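The structure under discussion appears below in the form of structure tokens.
Residue numbers (my numbering): 85 to 398.
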């Protein structure tokens, strides 16, 4: 090996070593310890006691009809996370693709629309949660309840309804329907980011393809489904993975709206994990929930990328 090449290898090793050590001590080792704690009964203070898969068995037992109220917390959290994964993902992907396609068409004032759509992304999750608490309020600040009241009045005045159609005020932040109420908030917050992500991908598509399609008489809809969407599909898949992961990690909005309390009907995996560790001192069970979140993220990512790779080969 030449002296120059040996010097390059030493330099590369010296450059990588600090990052490797930081990753090992701050990411890899805590992750390994987390997997170990998931197999223990531990309060976070005393020595952990190894109990094998008992924490995971307790989670699975919650799905049985005979399970107690405490055991049912995990299935409810799973249900809420599924709602917050599927609902926002479908709406955000559809709206972001539509808006990005419109922006690509160079509509008047496109730059203003981009800023307006992206603005919610610069707000903190806590600020957004407080804002939507006010919008959902049952008092005079509640815009949504006010709109429902006006709609009742309008339908009655027009003779379309003898009695009020909607029972107001609606408790949008009630624990039993909170997961559904968070969907509009998440869509409002995240659509702008994914719109810009898809717009950047669309702008990389050669204009000559659209020119040829227009010559052949293809409508804008056909151009979108046969040119735009296939060529930006890898970006759409990436966005889908981001949204699925975000849906599994929802914490801030639920915690703020529920006044920093763990409610049985509105728990997500993240809030349940926090409550088990810091309120009930069941750090072992909380670590087991963290392992479930990790495995779910890994599974969704691998399946999505597998499907994308299969379509790319075809």
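Note that CB positions come from ideal geometry on N, CA and C, so glycine has one too. This one's a predicted model, so the numbers in the text were calculated from it and none came from an experiment.
Residues near residue i in its chain [Cβ-Cβ closer than 7 Å; skip 5 each side]
i	result
residue 367	121, 126, 127, 128, 361
residue 272	204
residue 281	319, 323
residue 222	229, 253, 255
residue 184	279, 282, 283, 286
residue 139	122, 368, 369, 372
residue 220	226, 228, 256, 257, 265
residue 357	370, 373, 374
residue 124	132, 133, 134, 135, 368
residue 194	187
residue 242	none
Other residues of its chain near residue i: CB distance less than 6 Å, five sequence neighbours each side excluded
i	result
residue 146	155, 156, 158, 159
residue 172	267, 270, 271
residue 143	158
residue 293	311
residue 113	none
residue 380	332
Limits of the alpha helix (DSSP H) - the one that residue i falls within
i	result
residue 145	138 to 145
residue 165	157 to 188
residue 305	304 to 307
residue 52	With the chain covering 85 to 398 only, the question about residue 52 has no answer from this structure.
Where residue i falls: helix, strand or coil (DSSP)
i	result
residue 222	coil
residue 134	strand
residue 355	helix
residue 125	strand
residue 87	helix
residue 207	coil
residue 94	helix
residue 152	coil
residue 347	coil
residue 301	coil
residue 365	coil
Chain-order list of residues whose beta-carbon lies under 8 Å from that of residue i (same chain, five-residue window excluded)
i	result
residue 351	157, 160, 161, 164, 338, 359
residue 74	Nothing can be reported for residue 74: it is not among the residues displayed for the chain, which extend from 85 to 398.
residue 313	181, 320
residue 249	235, 236, 239
residue 168	263, 266, 267, 270, 331, 334, 352
residue 348	153, 156, 157, 160, 259
residue 246	240
residue 336	209, 210, 213
residue 97	none
Query raised in the report: Are there three or more Cβ pairs, one per stretch, closer than 8 Å when the segment 334 to 353 is compared with the segment 197 to 215?
Result: Taking 8 Å as the limit for Cβ pairs, the verdict is that the segment 197 to 215 does touch the segment 334 to 353.
Requested in this report: Run through the segment 311 to 345 for me and flag every whole alpha helix (DSSP H) of 4 or more residues, listed as ranges in chain order.
Outcome: Whole alpha helix (DSSP H) segments, 4+ residues: 317 to 332, 336 to 341.
Query raised in the report: Are three or more beta carbon pairs between the segment 194 to 205 and the segment 273 to 291 nearer than 8 Å?
Result: The segment 194 to 205 vs the segment 273 to 291: in contact.
**Report entry** Contained beta strand (DSSP E) runs [length at least 3] in the segment 227 to 299, N- to C-terminal order
**Finding:** List check, beta strand (DSSP E) in window: nothing returned.
Report task. Kindly confirm or deny that the segment 181 to 189 and the segment 286 to 293 touch, where touching means at least three C-beta pairs closer than 8 Å. Result -> Contact between the segment 181 to 189 and the segment 286 to 293 is established, with three or more Cβ pairs separated by less than 8 Å.
Requested in this report: Decide yes or no for the touch test of the segment 304 to 313 against the segment 251 to 266: beta carbon pairs closer than 8 Å, at least 3 of them.
Outcome: Judged by pairs of C-beta atoms under 8 Å, the segment 304 to 313 does not touch the segment 251 to 266, as fewer than three such pairs exist.
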